[in-house]
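For the sequence shown, my numbering begins at 37 and goes up steadily by one. Where a beta carbon is used, it is the ideal one built from N, C-alpha and C, also for glycine. Remarks on the structure that follows.
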Amino acid sequence: MELQDILFFTISFVLIGVSYYFFFMKNSTTNKTKTEDKVQNQQAQNVQNQQQVNQPAANQRQENTRNRRVNLQKEDSDNEEGEQNSDSEEEKDDGDDDDSNQTRTQRELAREAKKQQKRQQREAMQQYYEQREQRDNQKKSKYEERDRLRELEEQKKEEEQRKQEELQRIKEQEEFENWKKFMEVEESGQEKMSAEEEERYYRELNEKITNYIKLRKVVVLEEMTGEFKITTQEVIDRIKSLEINKQINGIIDERGKYIYITPTELESVKNYIISKGRVSRSDLIAECNRLIKLDPSQQDKEKIFKEENELLQEVNKQFEQLKQEQN
């Protein structure tokens with residue numbers, strides 16, 4: 037009997053040792069698989085996070101939400117697998133320790149309550165992420181709608197501005213065409229003038245140029261071409277002719293301006309030169325700047341204003357007559 041007892045205990049210890057060996061090998065393999073899965077999941081998540089850097093903020097939040105769901109599901113799977121391993125360990129411990137059925141029932145209820153609690157937490161987290169994603173989508177839609185309305189408003193303003201510019205361009209073109217026709221009519225009338233009318237015309241033109249220069253003291257030759265409807269060279273020729281006839285005196289500077297010098301100013305400069313004898317150029321220029329006034333007097337300014345108003349009224353009157361003739 038003693039030999040049989042020894043063999044029985046020996047075989048029992050061997051079986052128990054083999055069982056524990058396979059159990060620990062299984063746990064080691066399972067833990068290694070878990071570690072590899074976690075490393076792969078971490079690498080995949082790192083790649084996804086790297087790809088999300090260049091994505092818009094809204095898309096990135098959606099991707100993060102999906103990743104959290106995957107991680108939660110993976111954690112649940114790992115927890116269930118760990119609980120199954122724990123259950124198998126506890127069952128073996130129960131077999132080895134010969135626990136009662138009541139103790140096993142309490143442990144099963146505790147595990148079930150723990151599973152239920154984790155399930156509720158997982159559902160709450162998933163619901164939270166879904167609600168946040170929904171809020172983000174609503175904000176995104178709101179921003180897109182606001183941008184769309186702002187873009188439509190800008191397009192509307194640009195279209196209105198283009199219409200106004202087009203109307204202004206058409207109006208200016210019509211005015212230019214009317215003025216062009218008016219000038220053609222005026223030029224055609226001048227071409228038909230007789231010798232006597234032509235002489236009277238140029239005599240009046242010289243008088244107008246003389247008064248124009250005397251009133252303003254300093255005139256721009258280019259402006260005179262538009263004022264009297266003649267070329268710049270014709271303006272210069274008229275000024276030289278007036279100077280020869282002693283009607284005006286002055287100089288033309290390098291900027292295309294004619295500076296009128298009154299007889300009184302010219303006499304003052306002459307007296308200065310006579311009194312000084314030899315005068316340097318710089319002294320003469322300084323004295324001329326002091327003696328020669330470049331601005332018209334207040335009385336001349338009033339005459340200029342009155343003359344410009346009369347000219348404007350005459351142009352408007354001729355323009356209205358031309359429009360009536362066209363109608």
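C-alpha distance - residue i paired with residue j, whole-angstrom precision
i, j, result
"E346", "V256", "21 Å"
"I184", "Q174", "This sequence places Arg at residue 184; Ile is not what is there. Roughly 15 Å between the two C-alpha positions."
"Q142", "K154", "18 Å"
"R147", "E180", "49 Å"
"Q152", "E169", "25 Å"
"Q191", "R205", "21 Å"
"K265", "G313", "45 Å"
"Q138", "S177", "58 Å"
"C324", "K250", "18 Å"
"D319", "I309", "10 Å"
"R317", "K207", "54 Å"
"S311", "E232", "49 Å"
"E211", "I272", "30 Å"
"E125", "A160", "Any reading at E125 needs caution, since the residue's pLDDT is 49, under 50, leaving its predicted position unreliable; the model's value is listed next. Rounded to the nearest angstrom, the two C-alpha atoms are 31 Å apart."
"N307", "I321", "15 Å"
"L203", "D172", "46 Å"
"Q163", "R140", "34 Å"
"M260", "Q349", "19 Å"
"K128", "I52", "Caution applies to K128, whose pLDDT of 47 falls short of 50 and renders its modelled position unreliable; the value that the coordinates give is listed next. Cα to Cα, the separation comes out at about 11 Å."
"Q209", "K244", "31 Å"
"I47", "Q157", "48 Å"
"E195", "Y238", "52 Å"
"I42", "L145", "41 Å"
"E301", "E338", "22 Å"
"K199", "R182", "26 Å"
"L188", "L241", "59 Å"
"I287", "T267", "19 Å"
"Q357", "E201", "28 Å"
"K150", "E166", "24 Å"
"V89", "R186", "Confidence in V89 is poor, its pLDDT being 48 and thus under 50, which makes the residue's placement too unreliable to answer from."
CB of residue i within 8 Å of CB of residue j, strictly
i, j, result
"I275", "N285", "no"
"N292", "E258", "Per the sequence shown, residue 292 should be read as Gly rather than Asn. A contact, by the Cβ cut-off of 8 Å."
"V305", "L278", "no"
"K253", "K342", "no"
"N214", "K359", "yes"
"D289", "I295", "yes"
"Y248", "E235", "no"
"Q197", "T246", "no"
Taking only runs of the beta strand (DSSP E) that begin and end inside the region 254-311, which ones reach a length of at least 3 residues, in chain order? 254-256, 286-288, 293-296
If you scan the region 159-242 from start to end, which runs of the alpha helix (DSSP H) of 4 or more residues do you find wholly inside it? none
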